[in-house]
Amino acid sequence: MSTLGIIAILTLLYWLYITYDAHNGMHLLYTLPRSLKLPDKPPLVSVIIAAKEEESTILETVRHLLSQNYPRLEIIAVNDRSQDATGVRLDELRRWSQNKSEISTPLKIIHITHLPDGWLGKNHALYQGYQQTRGQYLLFTDADILFSPNAITDAVTYMKEQDVQHLTLTPNMIARGALLKGFVHFFLFSFSLFVRPWRANLDNAREPGIGIGAFNMVSRSAYEAIGTHKAIALRPDDDLQLGISLKKAGFRQKVLSGKHILQVEWYPTLKAAVIGLEKNLFSGFRYSYSIALLACLGQLIFFILPWLGLISLWDWRGAIYGLDVILQIWLYRKLMSRLMDKRAEEAYLLPVSASLLLYTIIRSVWLTWKQGGIYWRGTFYSLRELKKK
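Counting from 1, one number per residue, gives the positions in the sequence shown under UniProt numbering.
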């Protein structure tokens with residue numbers, strides 16, 4: 001049997017296995033249920049937002065949070081060394097909210113001017129925000145998320161009723177243009193097949209865990225038990241690592257769809273998406289060149305090669321690759337529907353999106369190696385320091 005024939009069979013076995021695993025586990029990725037009533041004695045929730053050069057989005061995010069119908073809420077917005085008008089806008093918003101009698105949620109603004117050694121900027125900002133909180137529950141979120149008024153009420157009610165210590169939600173991701181939509185959705189698809197988020201909802205499994213930056217709500221006791229953000233001080237993927245640490249420590253974790261209560265425009269353009277991802281993709285492979293190489297080979301063999309084989313091989317191998325493509329499209333559409341309520345008409349762009357992600361991974365590794373580290377939000381972190389942490 002030829003090498004291409006062996007690869008074709010192995011590729012089919014992969015897609016059959018991952019389709020079977022996802023099909024059996026996808027029912028665990030349900031939508032966060034609506035709350036019919038508040039829990040008795042609702043706990044105080046502290047929302048922590050880190051913002052650096054976010055003047056175009058931070059006001060709308062905080063205003064959505066100030067409009068929550070949850071009765072016991074405090075918001076701590078941390079301006080992390082911003083060079084634009086982020087800090088000014090936050091101070092203006094605080095003054096505005098204090099003069100509105102219908103707004104009872106306290107808004108506290110922290111301005112950070114110095115980043116100590118051993119910290120990534122966002123992680124340090126979130127930790128500084130945590131130190132000012134009083135809540136029994138902590139919600140770490142990003143500075144560009146739009147919340148429906150009942151988002152926190154639904155989340156707290158679910159956590160209390162289900163005895164969950166960590167709840168993370170997938171948002172509805174807005175992407176303008178077919179190429180950008182295809183790339184963003186494919187990244188989520190590929191990431192999901194890699195981490196298999198449905199397994200985080202299995203209570204008897206210690207790993208893998210997951211955390212999503214749009215919505216990471218955790219009980220204060222669990223967060224402190226894993227060492228807070230100090231334990232992940234130099235991880236660019238802090239949201240993911242927070243979830244992994246909590247799951248590994250044995251805390252009950254749930255990842256659900258928040259497509260009906262959370263919305264975000266992740267990147268405005270395809271170029272911005274590639275540049276944004278190339279800064280931290282290598283960290284997802286623990287800065288290991290061998291793991292990154294395996295990831296590249298995986299993208300090439302399992303996601304791109306089936307499409308090439310389908311159009312170039314007119315024998316049994318082409319038929320096998322055709323079946324791979326059918327399974328890939330079916331699973332892609334199923335996951336997009338489950339996580340974001342998307343019909344995924346851009347499925348025909350899967351080989352293009354996979355090629356773009358492969359390029360981004362390679363570029364991420366190359367840039368990190370060439371620079372000897374990463375530039376993150378205007379600050380350079382050496383590869384030696386990142387690996388040590």
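Each residue gets a CB set at the ideal place from its N, CA and C atoms; glycine is no exception.
Beta-carbon proximity list for residue i, same chain, < 6 Å, skipping 5 on both sides
{"i": "G211", "result": "T168, D239, L240, L242 and G243"}
{"i": "P197", "result": "I210 and V255"}
{"i": "residue 406", "result": "In the structure as shown, the chain begins at 1 and stops at 389. Residue 406 is therefore absent and cannot be evaluated."}
{"i": "L339", "result": "T170 and S257"}
{"i": "V218", "result": "L138 and H166"}
{"i": "Y70", "result": "I152 and T153"}
{"i": "L29", "result": "W198 and R338"}
Proximity to residue i [Cα-Cα], best of the options
{"i": "T57", "options": "G25, Y267, H166 and D21", "result": "Y267"}
{"i": "R343", "options": "S353, Y332, P351 and L327", "result": "Y332"}
{"i": "L323", "options": "L310, L335 and A222", "result": "L310"}
{"i": "K387", "options": "Y287, T360, L120 and K370", "result": "Y287"}
{"i": "L335", "options": "A22, L107 and H114", "result": "A22"}
{"i": "V325", "options": "W316, P351, E346 and M340", "result": "P351"}
{"i": "A249", "options": "A292, L367, E224 and Y70", "result": "E224"}
{"i": "R134", "options": "S148, F285, K108 and R34", "result": "K108"}
{"i": "L114", "options": "F147, L93, E161 and K52", "result": "One detail in the question is off: residue 114 reads as His in this sequence, not Leu. With distances taken between Cα atoms, H114 lies closest to K52."}
{"i": "I362", "options": "G318, L277 and A319", "result": "L277"}
{"i": "F183", "options": "A151, G118, A273 and S104", "result": "A273"}
{"i": "Q328", "options": "W314, D315, L349 and W316", "result": "L349"}
{"i": "D40", "options": "L10, I9, L93 and T157", "result": "T157"}
{"i": "I275", "options": "E92, Y130 and I374", "result": "I374"}
{"i": "I9", "options": "R384, R317 and T379", "result": "R317"}
{"i": "K37", "options": "K247, T379 and N150", "result": "N150"}
{"i": "V164", "options": "K247, T379 and G372", "result": "K247"}
{"i": "K279", "options": "L297, K181, R206 and T379", "result": "T379"}
Alpha carbon of residue i to alpha carbon of residue j, nearest angstrom
{"i": "G5", "j": "L139", "result": "50 Å"}
{"i": "S364", "j": "T31", "result": "33 Å"}
{"i": "T141", "j": "S312", "result": "46 Å"}
{"i": "L367", "j": "Y137", "result": "38 Å"}
{"i": "L356", "j": "A347", "result": "14 Å"}
{"i": "P208", "j": "R95", "result": "43 Å"}
{"i": "L154", "j": "S35", "result": "Residue identity check: residue 154 is Asp in the sequence provided, not Leu. Cα-Cα distance, rounded: 5 Å."}
{"i": "residue 390", "j": "P106", "result": "Any answer about residue 390 is impossible in this case: the structure gives the chain only from 1 up to 389."}
{"i": "Q162", "j": "P33", "result": "12 Å"}
{"i": "I7", "j": "Y14", "result": "10 Å"}
{"i": "L59", "j": "L262", "result": "16 Å"}
{"i": "L281", "j": "Y359", "result": "11 Å"}
{"i": "G118", "j": "Q131", "result": "18 Å"}
{"i": "S195", "j": "A292", "result": "It is Val, not Ser, that sits at residue 195 in the sequence shown. Rounded to the nearest angstrom, the two C-alpha atoms are 15 Å apart."}
{"i": "N201", "j": "W314", "result": "43 Å"}
{"i": "A319", "j": "S290", "result": "32 Å"}
{"i": "A222", "j": "R384", "result": "30 Å"}
{"i": "R72", "j": "P42", "result": "7 Å"}
{"i": "H27", "j": "R206", "result": "20 Å"}
{"i": "S104", "j": "W330", "result": "47 Å"}
{"i": "T3", "j": "K181", "result": "35 Å"}
{"i": "E92", "j": "L297", "result": "50 Å"}
Whole-angstrom C-beta distance between residue j and residue i, which should lie under 8 Å
{"i": "L234", "j": "Y381", "result": "7 Å"}
{"i": "residue 394", "j": "F189", "result": "The chain is shown from 1 up to 389; residue 394 falls before or after that span and cannot be answered."}
{"i": "R220", "j": "G25", "result": "Actually they are not in contact, since the Cβ atoms of R220 and G25 sit about 30 Å apart, beyond 8 Å."}
{"i": "V62", "j": "A50", "result": "Contact doesn't hold; Cβ gap of about 13 Å is too wide."}
{"i": "P236", "j": "S283", "result": "5 Å"}
{"i": "A143", "j": "E74", "result": "Their Cβ separation, rounded to whole angstroms, is 17 Å, which puts A143 and E74 out of contact at 8 Å."}
{"i": "W307", "j": "L120", "result": "About 37 Å; that fails the 8 Å criterion."}
{"i": "I152", "j": "V264", "result": "Not quite, the Cβ-Cβ distance comes to about 16 Å (not below 8 Å), so this is no contact."}
Cβ neighbours of residue i in the same chain (closer than 8 Å, five flanking residues each side left out)
{"i": "S337", "result": "R343 and A344"}
{"i": "D203", "result": "R252"}
{"i": "G87", "result": "N79, I109 and H111"}
{"i": "K370", "result": "none"}
{"i": "R89", "result": "E55, I58 and L59"}
{"i": "S245", "result": "G209, I226, G227, A231 and I232"}
{"i": "T11", "result": "I301, F302, L305, P306, I320, Y321 and D324"}
Own chain, CB closer than 7 Å to residue i, minus 5 neighbours either side, in chain order
{"i": "A354", "result": "F186, Q299, F303 and I304"}
{"i": "A295", "result": "F285 and I361"}
{"i": "G213", "result": "D142 and D239"}
{"i": "K160", "result": "P39"}
{"i": "G372", "result": "S382 and L383"}
For the 8 Å Cβ check, are there 3 or more pairs between the region 75–84 and the region 169–176? Verdict: no, contact absent.
Cβ contact (3+ pairs, closer than 8 Å) linking the region 100–118 and the region 58–70: The region 100–118 vs the region 58–70: in contact.
Examine the Cβ distances between the region 218–234 and the region 117–124 and report whether three or more of them are shorter than 8 Å. Segments in contact, yes.
Given 8 Å, three or more beta-carbon pairs between the region 18–32 and the region 45–53: For the pair of segments examined, the region 18–32 was found not to touch the region 45–53: the number of CB pairs separated by less than 8 Å stays below three.
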